[in-house]
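So the structure is just underneath, and the comments pick up after that.
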Amino acid sequence: MTPPAPGKLKIYMGYAAGVGKTYQMLDDAQELLRQGRDIVVGYFEPHGRADTIAKTEGLEFVPRRRVEYRGSVFEEMDTDAILARHPEVCVVDEFPHTNVPGSARTKRWEDVTALLDAGINVLTTMNIQHLESLNDQVWQISGVRVRETIPDWVVKQADQVVMVDVTPGALVNRLLRGVVYSAEKSKTALENFFQESTLGALRELAMRQVAHESESHHAEPHRVESGGAPARSSWAEKRGDPAGDRKPAAPAVSPTGRQERILILVTADPSSAMVIRRAKRVADYLHADCMAVAIQRSTGGNRVAVPDREAIERHLNFARNLHIDARLLDADAAGDDPAKAVVEFARVNGVTQLFLARPQAAGLAGILKAGIEQRIVWLGRDMQVTIVADRTRG
Amino acid sequence: MTPVIRRRTPEELLLQAQAEEARETRGRLKIFLGYASGVGKSFRMLDEGRRRAERGQDVVVGSIQLPASPDVETLLKRLEVIPLRSLGGVEVMDMPTILKRHPRVCLVDGLAWDNPPGSMNPSRWQDVRQLLDSDIAVIASINIQYISELQSQVEKITGKHVAQTVPQSFLYGADEIVVVDAPPEMCLDHSGHGIAGDQGKLARQLSELREIALLFAADVVDHQLESYLKQNGIAASFGTQERILVCITPRTSAKAMIDSGKRNADRFHGELIVAHVRQGQLDPEDRAALDRNLEMAHNAGADVEILEGDDPIEAILEFAHERGVTQVFVGHGLESKWWHRWTGGPVGRLIRGAQGIDVRVFPQ
């Protein structure tokens, strides 16, 4: 039996709770119902909003699955039941949701992927702050570290991303009228996330992101300025990027006609996550290849401590989840010199740009001993090296 | 970066005073912006009018594009409409009646329409300005193809020339702007001019127009955000828009840096700034090299800035933070021997001082 053609994904993108994403999604669902399409609601979060609830009238609901976890009962989307029912279109609220431990899949976006793979079309909602590559910028803007994130490649799989827009003023009004949250929650929200400047900045980010998604739908392959079409890199093919399968991205070509390749240096330091997000975002916008390496030192007294090894492995996995080819590299071949190992690896693989974290604050030790970052900048002076800012608050 | 609340400068206090004053005596302007007919601008405008009327505000419809869709017709029945009047065979908004009726809110479609000679104002957007000056709030809707400054861009996509337009500054002056977005396919359904064979081409055109509308709205929001922060004395840079600062000297490989900066700025739809810090007298050879580099920057469409300062790193950092730069490009040759002591060298100092800004070091 041949697998069904994958379903189409439509995302309603907003910038805060209460902008009307779910309302607009349900409005479209009602229109599809009127057209006689086979549509069901797989998951809906009413939040006690009367006008939104009214929009579900006449729609078929697939009952939620009840899950017990640590003595409490949670309700999750019943993906198996939806697959069995196999509608033409399924409405799934709150795309970035994390399922209760013990569920078949960790994230709702993975459930959605299962529906799409089965040939079911999906309508879903999300806010811009849940996009993985913007996590640090969102933190910088709002002071909130968003934990539930969606990798960018998942969003790129969407056939349509639609901006649901209202002005921050109207949103604050809705909040004050108690449309969005209960009175107490509204007060906290107004003091934090719902400040006018925060909302304005998130709104701008959302508009730019939706414009970017729209562009990648119609963009022509980038013209090669000189030297003919560059071959697609071997690692880009190997990583089997599903987004790449659906929409072949135009390769990025540097002014010299070389394919742009970005290499991220991963370390045990927590700043690695920031570097990975930023580098991947730049690579996506430039249609450049992107890979990551961490250095492993196996000789004698220079062996990496166990906690560090675990942190490195965690960061490499984080990169892999974002569809970055991430590897552990042995420094032995480069005479146990990690900086040299990175630069040589970059040179052999035709890397045009290296991404590193900012060096730790230089104390006395920093003055006496150059860190790996400065050594790389110096050894890699024939390539571009980007030192990623620490996008923290204050 | 945490917004720093500091004492406001007299200029900022004046800005706020002016804004508050304007709020008291002027009606507020809200604009629904769409990228094509059929996205639902008029519907959103009228729907907001309906909701406000239901909340007890005094709302009238000043003008609406006809023929209207069934949805719009339904809404119109629930609102008070002041019919257009005919002037020399041209339909115009009935300004004398609206001004006399003096509602709290007036809904206005078709902002770009020109009025015939003998009207109060040459075009409808100027009518709107008069309504605002008379303390009537206006909710309007417009399609991006009618914005003057976007004309050439839109014309390239559609191949159609639009004679009547609204200046961009009018939209920037709006109190609120809302993007009305919908997938291009929806507009195809509504537009009616989708000849079967041309659907693909049309969908592509619509998608390009949609991108322009979203980016235009993002720019307006950026502008509003900036003035909000200024009025409230908040020094903050959110990095919502990529701004790339390329620092050049007579000796930098300026071409590679400017080309790369331009490509990055284009892909991110951001801004490209090229700066040089003036330091003492240059010999004729360096002078000529620098002039060539600056010329290149101009040709790349960069905003070129000559900075002053005894300490070039300090000058670059101050400028970068003030302009909300997100990436600084520098040449390796900015210094010699700095790699020995990260703390002492200029590039090292730049990296440490560049709070919240990426630094990209280029080969020399």
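Protein chains in written order, with the working numbering: chain A, 887 to 1280; chain B, -13 to 350. Quick reminder that beta carbons are idealized off the backbone N, C-alpha and C, glycines included. All values reported here derive from a predicted model rather than from experimental measurement.
key: Under the three-state DSSP convention, the category A:R952 falls into   = strand
query = Can you list, in chain order, the residues of the segment 890 to 923 of chain A whose Cβ is nearer than 8 Å to any Cβ on chain B?
reply = Of all residues in the segment 890 to 923 of chain A, K896 have a Cβ within less than 8 Å of some Cβ in chain B.
query = Excluding sequence positions up to five away, which residues of its chain have a Cβ less than 8 Å from the Cβ of B:G159?
reply = L15
key: For A:A1243, the first and last residue of its enclosing beta strand (DSSP E)   = Q1239 to A1243
query = To the nearest angstrom, how far is it from the Cα of B:C92 to the Cα of B:Q265?
reply = 58 Å
query = In chain B, what lies closer than 8 Å to A:V1041 by C-beta?
reply = Those within 8 Å of A:V1041 in chain B number zero; the least Cβ separation is about 15 Å.
task = Anything in chain B within Cβ reach of A:Y929, meaning under 9 Å, just list it in chain order.
result = Within 9 Å Cβ-Cβ: nothing; A:Y929 doesn't reach chain B, min ~22 Å.
key: Every unbroken alpha helix (DSSP H) within the segment 33 to 76 of chain B, with a cutoff of 4 residues, ordered by chain   = 56 to 63
task = Determine, using beta carbons only, whether B:E212 and B:G256 come nearer to each other than 9 Å.
result = no
inquiry  = So B:I259 contacts chain A; which residues on that side make the cut at Cβ distance below 8 Å?
reply    = For B:I259, no chain A residue has a C-beta closer than 8 Å to its own C-beta; the minimum C-beta separation is roughly 17 Å.
query = Quick one: complete beta strand (DSSP E) runs, 3+ long, within the segment 1148 to 1227 of chain A?
reply = 1175 to 1182 and 1211 to 1216
ask   = For chain A, is any of its Cβ atoms less than 9 Å away from the one on B:E162?
value = With 9 Å as the cut-off, B:E162 counts as an interface residue toward chain A.
key: Residue of B:D277, B:D296 and B:K241 minimising C-alpha distance to B:V263   = B:D296
task = Pull up the distance between the alpha-carbon of B:V290 and that of B:D245, whole angstroms please.
result = C-alpha separation (whole angstroms): 14 Å.
task = Starting from A:E1082, find everything on chain B with Cβ-Cβ shorter than 7 Å and list it in chain order.
result = Y214
ask   = Using CA coordinates, which residue listed in A:V1152, A:S1068, A:A1219 and A:L1062 is at the minimum distance from A:P1245?
value = A:V1152
ask   = By the criterion of Cβ-Cβ separation under 7 Å, what are the contact partners of B:E197 in chain A?
value = A1097, S1100 and E1101
inquiry  = Can you tell me where the beta strand (DSSP E) holding B:R346 begins and where it ends?
reply    = D344 to F348
Assumed close pair A:E961, A:R950 - CB separation to whole angstroms, cut-off 8 Å = 4 Å
ask   = What span of residues does the beta strand (DSSP E) with B:V316 cover, start to end?
value = Start and end: Q313 to G317.
request  = Assign A:D1003 to one of three DSSP states: helix, strand, or coil.
outcome  = helix
query = B:A251: which of B:V314, B:Q210 and B:D121 sits nearest, CA to CA?
reply = Minimum Cα distance to B:A251 is reached at B:V314.
message = Using a Cβ-Cβ cutoff of less than 7 Å, which residues in the same chain neighbour A:K941 once the five nearest sequence positions on both sides are dropped?
response = Y909, L912, D913 and Q916
query = Closest Cβ-Cβ distance between A:A1232 and chain B: below 9 Å?
reply = no
query = Going by C-alpha distance, which of A:I1273, A:K907, A:R1206 and A:V978 is nearest A:I925?
reply = Of all alpha-carbon atoms in A:I1273, A:K907, A:R1206 and A:V978, the one lying nearest the alpha-carbon of A:I925 is that of A:V978.
inquiry  = Rounded to whole angstroms, what is the Cα-Cα separation between B:Q131 and B:T151?
reply    = 8 Å
inquiry  = If we require 4 or more residues per run, which alpha helix (DSSP H) segments fall completely within the segment 189 to 242 of chain B?
reply    = At a cut-off of 4 residues, not a single continuous stretch assigned as alpha helix (DSSP H) sits fully inside the segment 189 to 242 of chain B.
request  = Quickly, what does DSSP pair B:A261 with across the bridge? List them, please.
outcome  = B:C233 and B:E291
task = With hydrogens ignored, establish whether the beta-carbon of A:L919 is closer than 8 Å to any heavy atom of the ligand ADP.
result = For the structure depicted, the ligand ADP is absent and the ligand set is empty, with no information on it obtainable.
key: B:L52, buried or exposed, once every other Cβ within 10 Å from all chains shown has been counted against 16   = By the 10 Å Cβ count, B:L52 comes out exposed.
ask   = What in chain A is Cβ-close to B:H318, meaning under 7 Å?
value = Near B:H318 (Cβ distances below 7 Å), the residues of chain A are R1267.
inquiry  = Tell me which residue opens and which closes the beta strand (DSSP E) that B:N129 is part of.
reply    = For B:N129, the enclosing beta strand (DSSP E) stretches over residues A123 to N129.
task = Under 8 Å Cβ to Cβ from A:N1007, same chain only, skipping five residues before and after it: list those, please.
result = G893, K894, L895, K896, E974, V975 and C976
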